[in-house]
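J.:
In my numbering, the protein residues as written are 1184 to 1629.
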């Protein structure tokens, strides 16, 4: 009778879990989200303003306000993510959320000569900058073995076949949830209907939970017909708080042309990482071991520096076209560049129709590699490389004497490479996201 070979369980207690560069890249993501008009314009409002969500990119847009306003937006998002659609079925995630809520207090006019300071506006707002709501499942028939990679760090699973240089099949599942939220105080001023300046201070909260499970199978079976495999299971939770400042200007040299520029400082703060993992290999039986969460503070937490520049062309009272370029930089990370275009048409007074497009891509063509920690302080070996993100959107809105009603639809698609570990073959992932937003508001009557 063949001796039963028991699993060798290797439990990693992450007592010194540090923050990785990849963590900044993930939590630094931001979706084009906000009021229905902002979503419909694909966020191309740095030179336009007059909307609470436009202050996210350029607080100088508050200088366009001429009366006080309250606004609330509701949203619903559903995602579908897949790897090789002919092989792997789509994974879905749906969620209701509140993209923005704001109160704008407007003071003015101070004089009626259109010279000097005409209006001041202060806004208190809440914004949901990003949702982490995605389930991904992928698999490959062959590739480099995680067990062999771990062996180079001194981790011996104790089972020969589970440290083969290659495996004959794998499966990886990753579930993410959480959000990035912001509470802000912004100010904007109108000077002679030609210069608009503004500034703001923002407090952000970051929360994301990621559960990953990666399994490799080898071309060996035990007496019971169970295939040999090794499994890496991880749990991560990030929670953090930070703050940043932004400032901007809009210049209107002539009635039909506006230029906008803004800059946002890196978000400074702290983050806690809750981490747990277990790595085990299976031959004949399974022995599970639980590990407690280990909480490690990550100091000197920095999110990206952001800048935006835009030009808007206005056609009287009939509408406008805006073109915008955004840049996101973080030391030691990939620079992100994006182009946005937004159109607004006013068919009748008080009604407007919007359409927009945005493209965002990593600047570098090289894959971002996250090496396995040789001390295994962090057991999450997986990472993502976003190849590009695109948006198309449309909106319709009505502004009455006191009531505002807007509705928008946004379609976003993303292409990314998902790596189970640094030597793994990249999973080519695709995500479609559909968003519906409804904005209602009230503004002060004339």
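Backbone N, C-alpha and C define an ideal beta-carbon position, used for all residues, glycine too.
(1) Count the CB pairs spanning the segment 1345-1359 and the segment 1392-1399 that are closer than 8 Å, and state whether there are at least three.
(2) If we count the other Cβ atoms within 10 Å of its Cβ and call it buried at 16 or more, is residue 1585 buried or exposed?
(3) Measuring CA to CA, which of 1380, 1363 and 1285 is closest to residue 1371?
(4) With 16 other CB atoms within 10 Å as the buried threshold, where does residue 1404 fall?
(5) Label residue 1275 either buried or exposed according to how many other C-beta atoms from any shown protein chain fall within 10 Å of its C-beta, with 16 as the threshold for buried.
(6) Just how far apart, CA to CA, sit residue 1358 and residue 1420?
(7) Can you tell me where the alpha helix (DSSP H) holding residue 1221 begins and where it ends?
(8) Helix or strand or just coil, what does DSSP make of residue 1474?
(9) Based on Cα-Cα distance, which residue from 1508, 1458 and 1535 lies nearest to residue 1220?
(10) Can you name the start and end residues of the alpha helix (DSSP H) that residue 1330 belongs to?
(11) What does the alpha-carbon distance come out to for the pair residue 1262 and residue 1316?
(12) Taking 8 Å as the cut-off, decide whether the C-beta atoms of residue 1608 and residue 1323 are in contact.
(13) Taking all protein chains shown into account, do 16 or more other C-beta atoms lie within 10 angstroms of the C-beta of residue 1385, making it buried, or fewer, making it exposed?
(14) Please list the segments of the beta strand (DSSP E) lying wholly inside the segment 1247-1288, counting only runs of 3 or more residues, in order along the chain.
(15) For the beta strand (DSSP E) containing residue 1385, list its first residue and its last residue.
(16) Measure the beta-carbon distance from residue 1256 to residue 1621 and round it to whole angstroms, keeping in mind my assumption that it falls under 8 Å.
(17) Looking at residue 1612: is its Cβ nearer than 8 Å to the Cβ of residue 1264?
(18) Under DSSP, the beta strand (DSSP E) around residue 1337 begins and ends at which residues?
(19) Taking Cβ to Cβ, would you say residue 1314 is nearer than 8 Å to residue 1260?
(20) Could you please give me the residues that DSSP links to residue 1311 through a beta bridge?
(21) Mapping the DSSP letters down to three states, classify residue 1436 as helix, strand or coil.
(22) So, at 6 Å on beta carbons, what are the nonlocal neighbours of residue 1507 in its own chain, with the 5 sequence-adjacent residues on each side left out?
(23) Could you tell me the distance, in whole angstroms, from the CA atom of residue 1594 to the CA atom of residue 1304?
(24) Report yes if the C-beta distance between residue 1555 and residue 1512 is below 8 Å; otherwise report no.
(25) So what's residue 1213 in DSSP terms, helix, strand or just coil?
(26) DSSP three-state label for residue 1347, please.
(27) Would residue 1287 pass as a contact of residue 1242 if the rule is Cβ separation under 8 Å?
(28) Quick one: what's got a C-beta closer than 6 Å to residue 1663's C-beta in the same chain, skipping five residues either side?
(29) Residue range of the beta strand (DSSP E) that residue 1598 falls in?
(30) Where DSSP assigns a beta bridge to residue 1444, which residues make up the other side?
(31) Along the chain, where does the beta strand (DSSP E) that runs through residue 1509 open and close?
(32) For residue 1597, which residues of its own chain have a beta-carbon under 6 Å away from its beta-carbon, when the five flanking residues on both sides are left out?
(33) When you compare each of 1239, 1459, 1626 and 1435 to residue 1312 by their alpha carbons, which one comes out closest?
(34) Look at the alpha carbon of residue 1454 and the alpha carbon of residue 1362, and state the distance between them as a whole number of angstroms.
(35) How big is the Cα-Cα spacing for residue 1583 and residue 1461?
(36) Exposed or buried, residue 1373, counting other C-beta atoms within 10 Å across all chains shown (16 or more means buried)?
T.: This is what the structure holds:
(1) Yes, the segment 1345-1359 touches the segment 1392-1399.
(2) exposed
(3) 1380
(4) exposed
(5) exposed
(6) In this structure, the CA atom of residue 1358 is about 12 Å from the CA atom of residue 1420.
(7) 1219-1223
(8) With a pLDDT of 37 at residue 1474, under the threshold of 50, the modelled position of that residue is not reliable, and no figure is offered here.
(9) Nearest option by C-alpha distance: 1535.
(10) 1329-1334
(11) Whole-angstrom Cα-Cα distance: 8 Å.
(12) yes
(13) buried
(14) 1252-1266
(15) 1378-1404
(16) 7 Å
(17) yes
(18) Premise fails: residue 1337 is in no beta strand (DSSP E) and is neither H nor E.
(19) yes
(20) 1364
(21) strand
(22) Apart from sequence neighbours up to five positions away, the residues of its chain that approach residue 1507 with a beta-carbon distance below 6 Å are 1227, 1229, 1493 and 1523, ordered along the chain.
(23) 33 Å
(24) no
(25) coil
(26) coil
(27) no
(28) Residue numbering for the chain in the displayed model covers 1184 to 1629; residue 1663 lies beyond these limits and cannot be assessed.
(29) 1586-1602
(30) In the DSSP output, where bridge partners are listed per residue, residue 1444 has 1432 and 1492.
(31) Per DSSP, residue 1509 belongs to the beta strand (DSSP E) from 1502-1512.
(32) 1572 and 1614
(33) 1239
(34) 14 Å
(35) 59 Å
(36) buried
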